[in-house]
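Report on the following structure.
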Amino acid sequence: MIILLALLLSGPQSGFFRWHSDTSVQVYFAPGFSTEQQAAALRGMQAWNVGGITFTRVGETIDIQKCKNCLTLQRGTSSSKKELAHLGVWHLVEYEWIEYAWIILDERTRSVEAIESFVTHETGHSLGLLDCDCKSVMGRFTGGLNKPGPLLTSGDRKAAMGNYR
Ligand SMILES: [Zn+2]
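Residues 48 to 212, numbered by the working numbering, are exactly what the sequence shown covers, in order.
In structure tokens, the structure reads:
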């Protein structure tokens with residue numbers, strides 16, 4: 048019980064995979080994102096600013112880009128109103144470093160505030176953070192359909208920085 052409580056209080060925990068430090072992530076958008084929505088998604092990624100990792104929009108695409116350090120944003124349909132965004136990654140089994148990744152955003156998510164918030168959360172996963180039951184951008188099932196979750200806190204950034212020491 049005490050251990051569980053400690054976990055709840057200590058903020059986001061770290062998982063296994065993440066982008067390598069000093070990676071310049073190449074961002075692609077599949078159909079279904081307006082210019083404003085693309086800008087909001089990029090703000091969500093760039094908000095972290097840890098490990099020398101940068102996110103740059105390269106262009107548009109139809110399929111998931113399987114190039115090294117590429118990240119594709121796609122639209123999808125979620126069966127659950129509680130899981131409106133999802134991060135998928137491909138990494139070599141023995142290494143934690145991500146080769147390429149994709150974020151699927153539910154197509155009903157139109158609000159730029161919600162897109163920014165959800166992409167910030169999914170980007171946190173790509174920096175090695177797990178969902179938590181805490182007041183954090185990494186809190187699980189926060190926000191809702193077109194309702195943003197919490198903003199990035201200094202605690203979130205500190206947790207992500209811990210993965211890049
Ligand atoms: Zn999550």
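All C-beta atoms, glycine included, are put in the ideal place defined by N, C-alpha and C.
_By alpha-carbon positions, which one of TRP66, PRO59, GLY202, SER125 ends up nearest to GLU146?_
Stepping through the sequence shown from its first residue, residue 146 is reached at position 99. Taking each of TRP66, PRO59, GLY202, SER125 in turn and checking the Cα distance to GLU146, the smallest one comes out for TRP66.
_Simplified DSSP assignment, three categories, for LEU131_ = As a working note, residue 131 is residue 84 in the sequence shown. Reduced to three states, the DSSP call for LEU131 is coil.
_Coarse secondary structure for LYS182, derived from DSSP in three states_ = In the sequence shown, the residue the question calls residue 182 occupies position 135. Coil, per DSSP.
*Relative to the alpha-carbon of ARG104, which residue among VAL72, SER81, ASP110 has its alpha-carbon at the smallest distance?*
Reading the sequence shown from its first residue, position 57 is the one you call residue 104. Checked all of VAL72, SER81, ASP110; the closest Cα to ARG104 is VAL72.
*DSSP on LEU89, reduced to helix/strand/coil?*
Your numbering for residue 89 matches position 42 in the sequence shown. Reduced to three states, the DSSP call for LEU89 is helix.
*Collapsed DSSP secondary structure at GLN73 in the structure displayed*: Position 26 of the sequence shown holds residue 73. In this structure, GLN73 counts as strand in the three-state DSSP scheme.
*Does the distance from the C-beta atom of LEU131 to that of ASP153 stay below 8 Å?*
Taking the sequence shown and counting its residues from 1, one reaches residue 131 at position 84. Taking the sequence shown and counting its residues from 1, one reaches residue 153 at position 106. Taking the C-beta atoms as reference points, ASP153 is found nearer than 8 Å to LEU131.
_To the nearest angstrom, how far is the alpha carbon of ARG187 from that of ASN193?_
Position 140 of the sequence shown, counted from the first residue, corresponds to residue 187. Position 146 of the sequence shown, counted from the first residue, corresponds to residue 193. Those two C-alpha atoms are separated by around 16 Å.
*If you draw a straight line from the alpha carbon of GLY171 to that of ALA207, how long is it in whole angstroms?*
Here the question's residue 171 lines up with position 124 in the sequence shown. Here the question's residue 207 lines up with position 160 in the sequence shown. Between GLY171 and ALA207, the C-alpha separation is close to 7 Å.
*In angstroms, rounded to a whole number, what distance separates the CA positions of GLN60 and LYS205?*
The residue given as residue 60 occupies position 13 in the sequence shown. The residue given as residue 205 occupies position 158 in the sequence shown. One C-alpha to the other measures close to 11 Å.
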